[in-house]
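Take a look at the structure below.
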Amino acid sequence: MKSPNTPAEPPFDAIVVGGSFSGLSAALQLARARRRLLVVDAGLPRNRFAAHSHGFLGQDGRPPAEILAQAREQLARYPTVQWLQATATQARVAPEGGFLLHTDAGSPLAARRLLLATGVLDKLPPVPGLAERWGRSVFHCPYCHGYELNQGRIGVVAASPLAQHHALLLPDWGTVTLFLNGAHQPDDEQAAALQARGVAVVAGAVREVTGSATVVMEDGRRHEMDGLFTQPVTEPAGPLARQLGCELEDSPMGRFVRTGPTKETTVPGVFACGDAARAAGNVALSVGDGALAGAGVHQSLVFRG
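Following this line, the structure appears as structure tokens:
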């Protein structure tokens, strides 16, 4: 691919920041509209810890890295697309209009539109052993990983009241134990709902997770599990949305960039998609979100110039 432009050259129609599922999906729509665009990617997709992607039509069970590699290869066939392996460090409105994007790879890059597909950072509860098993035997999405636990022993390590929701969903995938961990205390109605779904409840703090998915309590009790679920708090990855002044929204699952029906943020000309712009997400939702955002960017170029 060609090397990216500098502000002395004509700006790109759009720069897509993030080359994972939502960013590539958005870029594909713009490439097919024959728009000149650049994808900037740091190579750190959210699901890089997972060995397989599930629940994505036509790709079920395939390693996510393979899906992304094929998608990038297909995108590269479009002559108006350029790719930059770099980390975006700063974005700002250009004095003459449009935007300037700074990366750790060199000169600032100019574009008429910016599309933020940066993904999110997952902040896990501070239980030793959880982070090391994230995406392998510790998960957050039952629809992505529940089936592969083969109706085994599933633990829910509470990090917030959302653990109640997890615990009520997961009995369709196995035998569930809810570890309250000082983060959730079911009221009478919630306790009755858990009992009706056959969920065992374990009070007390979790000291650590060992082995594949063994929960060790502070008092030494050990609970052998086949997989664990917990509730991370998410935050948009990178500083760009805040630097540009995009409004953020809070949800029980974390913060995300507020967008409208076409995925445009509260800053005109800046769009966002994927996990960074949703209260929750998975691969299929990210791909759909990216397609919507790519079309939104294109239509804004056509109708607003």
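No gaps in the numbering here: position 130 of the sequence shown is 146 in our numbering, and each next residue is one more.
For every residue, glycine included, the Cβ atom is placed at its ideal position computed from N, Cα and C.
The model shown is predicted, which means the values in this text are computed figures rather than measured ones.
Residue state for residue 303 is assigned as helix, using DSSP reduced to three classes. In this structure residue 113 is exposed. Its beta-carbon is surrounded by fewer than 16 other beta-carbon atoms within 10 angstroms. A Cβ-Cβ distance of about 55 Å is found for the pair residue 27 and residue 169, leaving them out of contact under the 8 Å criterion. Annotation: residue 198 to residue 75 spans about 39 Å, alpha carbon to alpha carbon. The closest CA to that of residue 195, considering only 208, 203, 179, is found on 179. A Cβ-Cβ distance of about 7 Å is found for the pair residue 264 and residue 272, placing them in contact under the 8 Å criterion. If you draw a straight line from the Cα of residue 86 to the Cα of residue 78, it comes to about 12 Å. Rounded to the nearest whole angstrom, the C-alpha separation of residue 121 and residue 258 is 21 Å. Across the structure, residue 212 and residue 205 are spaced so that their CA atoms are roughly 11 Å apart. Contact check between the segment 246-257 and the segment 214-233: fewer than three CB pairs, one atom from each, fall below 8 Å, which does not count as touching. Secondary-structure assignment with DSSP links residue 31 through a beta bridge to 54, 130. By the neighbour-count criterion, in which 16 or more other beta carbons inside 10 Å mark a residue as buried, residue 208 falls on the exposed side. When DSSP states are grouped into helix, strand and coil, residue 317 belongs to the helix group. Here residue 234 is exposed: its Cβ has fewer than 16 other Cβ atoms, across all protein chains shown, within 10 Å. Taking C-beta atoms as the reference points, residue 278 and residue 321 fail to come closer than 7 Å. Under the three-state reduction of DSSP output, residue 287 falls in the strand class.
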